[in-house]
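Per the UniProt record's numbering, the sequence shown starts with residue 1, numbered consecutively.
To keep things clear, I will list the structure first and then write my remarks on it.
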Amino acid sequence: MLKRYFSSSRIMSKSLKDIALASNFKPASRLGDKDLNPHTLVAKYAVRGKIPTMAEQLKGTLQSDPDALPFDKIIFSNIGNPQQLGQKPITFYRQVLSLIEYPDLLENEKAKEIFPQDAMDRAREIMQNLSSVGAYSHSKGVKYFRDTVARFIEDRDGYPADPEQIYLTAGASTAVSYLLSLLADGPKTGFLIPIPQYPLYTASLALNNATVLPYYLKESDNWSVSASEIEDSIVESKEKGIIPRCIVLINPGNPTGAVLSEDAIAEIVDVAAKHGLVIIADEVYQENIYEGEFVSVRKVLKKLQELNPSKYENTQLASLHSTSKGMIGECGQRGGYMELIGFDDSVIQQVIKLASISLCPPVVGQALISLMVNPPHENHPSHGIFHNEKWGIYKQLKERSHNLFLAFNKMEGISCQEPQGAMYCFPSLTLSERAQAEARREGMEPDEFYCVKLLENTGICTVPGSGFGQVPGTWHLRTTFLAPGSEWIEEWAKFHQRFMDAYRN
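The following block contains the structure:
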């Protein structure tokens, strides 16, 4: 019986040539965008949108013909990507990563001539807690790394942290995706988002078919937050039948560079406790502080819970951090973490499920998180170089932020709040009626039109404020201050004057 089956199967099988040459059907058409998830189509991410795409095309043109354009390079100021703009990696971090990527080096006698002892000791300690960086880890991340993060949080805030509440992620962006996909329940679910905001949030909410509830930051008061503005947004949304579910705080601000005070944070936590809002504290720029002091939302919540335990006992907080920003600037390594406080166990189990679906975050990124939060100590061989590198980067960033701020405020029709933190300036543009009309004639918002002309004439790639949200009738752009030197700023100033002259009313 089996012989007959296998024999007939061989007889009836067709060759590849037979299949290819058969013409018994008309091929079905390919999918078009009308066949796709409509929520994907409406999602927008301006940081890597139209203008950065144009910049990549111009970069290709320069590679083919260096004399084809009125500039010789593209300056990618559209995204906080420090090492793309020449920032060097921190030596100690890369030494340890090299050793855990190729642990046989630890047994090589010549390694001692290249690597300092504390880098080798740290690599050995890491390797004792995982089998290989090429193996999957626990979905929440390697326990040893989470323990290290917990100690960092406790030292920073003065309150104990539980490593079981810490989830290592592939950058903070993955944590945002987990949280928003978990909390979004259709268009009747509202998320309070600061405007201007980092477009990851509005894009993720579009993907999840949830509703953005904007609360506008006050530009004239250095982009401050108003608790009453948030309350108004909550009341207005409820009148429309939308249930506020979550509030996002970005501190230091992206794109604004503003740093929230402890009192401002406390007012927002109070609103969240009153209305049962989950707080997402996006704190990835916490080391990029040039004026003022960083205070974590977690620390403020813990203080409030001490003062009035019953009032804040149900407050739910997700705090995010990353290896992409600060002085470390390791964007491509995809290291991040989130700490969850106050969530019901049934919710936690769903977070674990989401993490499990992705198996685990990159293990090298996990290791980098542990290095970021536990750098060389003062009595260790690498401390001197580490200290000089870190604070050298910090001083450069602070100086560049101030220089760009001063330059903007000298340009006609531009005003800019001085960044207190982060990596960006977000200047306001006053554009003539003629410039606005020309922009709309070309199918663009006025700030997008300005950014396109800036790119085409100088090679400087920025992001229009319309990609971040802004008060209607105002125009802005976001630029990093990561690029070294002053020549690019001078070229910008020259372009700006030509632009203003060309479009005078």
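We put the beta carbon where it would ideally sit given N, CA and C, even for glycine.
So what's residue i in DSSP terms, helix, strand or just coil?
i, result
"Ser415", "strand"
"Pro70", "coil"
"Arg478", "strand"
"Pro27", "coil"
"Val133", "coil"
"Val96", "helix"
"Ile348", "helix"
"Phe76", "strand"
"Cys360", "coil"
"Pro103", "helix"
"Tyr328", "Correcting the residue type first, residue 328 is Ile in the shown sequence and not Tyr. Reduced to three states, the DSSP call for Ile328 is coil."
"Ile114", "helix"
"Val176", "helix"
"Ile460", "strand"
"Ile126", "helix"
"Tyr5", "Unreliable positioning characterises Tyr5 in this predicted model, as indicated by a pLDDT of 47, which lies under 50. A coordinate reading is not provided."
"Ile385", "helix"
"Ile289", "strand"
Terminal residues of the continuous alpha helix (DSSP H) containing residue i?
i, result
"Phe152", "143-157"
"Leu21", "16-21"
"Thr189", "Segment 189-195 is the beta strand (DSSP E) holding Thr189; no alpha helix (DSSP H) there."
"His39", "38-42"
"Val373", "363-373"
"Leu296", "Before going on, a small fix: residue 296 reads as Ser here, not Leu. Where Ser296 is concerned, there is no enclosing alpha helix (DSSP H), given that its DSSP letter is neither H nor E."
"His496", "487-502"
What does the alpha-carbon distance come out to for the pair residue i and residue j?
i, j, result
"Gln95", "Ser382", "10 Å"
"Leu31", "Ala161", "49 Å"
"Gln436", "Pro187", "33 Å"
"Arg440", "Arg434", "10 Å"
"Ala22", "Leu16", "10 Å"
"Phe481", "Tyr424", "6 Å"
"Ile275", "Pro244", "For clarity, residue 275 is His in the given sequence; the question names Ile instead. One C-alpha to the other measures close to 8 Å."
"Val373", "Ile153", "9 Å"
"Ala150", "Gly467", "35 Å"
"Glu283", "Pro427", "22 Å"
"Thr474", "Glu236", "23 Å"
"Phe496", "Gly413", "For clarity, residue 496 is His in the given sequence; the question names Phe instead. Approximately 9 Å, taken between the alpha carbons."
"Ile230", "Ala264", "12 Å"
"Glu418", "Phe408", "10 Å"
"Pro472", "Ile114", "57 Å"
"Gly253", "Asn457", "29 Å"
"Ile195", "Phe25", "54 Å"
"Leu205", "Ile250", "16 Å"
"Thr323", "Cys461", "24 Å"
"Ser261", "Phe294", "8 Å"
"Gly392", "Ala172", "25 Å"
"Ala43", "Lys34", "15 Å"
"Lys390", "Met327", "6 Å"
"Glu107", "Thr169", "31 Å"
Since residue i is in the beta strand (DSSP E), which residue starts that stretch and which ends it?
i, result
"Ile166", "166-169"
"Met338", "336-341"
"His321", "316-322"
| Meets three-Cβ-pair contact criterion under 8 Å: the region 164-178 and the region 346-356 | yes
| message | So within the region 206-232, which uninterrupted beta strand (DSSP E) runs reach at least 3 residues, ignoring any that extend past its ends? | response | Unbroken beta strand (DSSP E) runs of no fewer than 3 residues, entirely contained in the region 206-232, are found at 211-216, following chain order.
| query | Is there contact here, the region 446-453 with the region 41-61, by at least three beta-carbon pairs under 8 Å? | reply | yes
| query | Mind pulling the beta strand (DSSP E) runs of 3 or more residues that sit fully within the region 234-281? | reply | 243-250
| the region 400-411 / the region 366-374 touching (three or more Cβ pairs under 8 Å) | no
| query | Hey, is the region 116-130 in contact with the region 91-106, meaning 3+ C-beta pairs nearer than 8 Å? | reply | yes
| Taking contact to mean at least 3 C-beta pairs separated by less than 8 Å, is the region 480-500 in contact with the region 408-425? | yes
| query | What are the start and end residues of each continuous alpha helix (DSSP H) run of 4 or more residues lying completely inside the region 387-444, in chain order? | reply | 433-441
| Would the region 134-142 and the region 280-296 be scored as touching if the rule is three or more Cβ pairs under 8 Å? | no
| said: For the structure I just gave you, are there three or more beta carbon pairs, one from the region 33-48 and one from the region 217-225, closer than 8 Å? | reply: no
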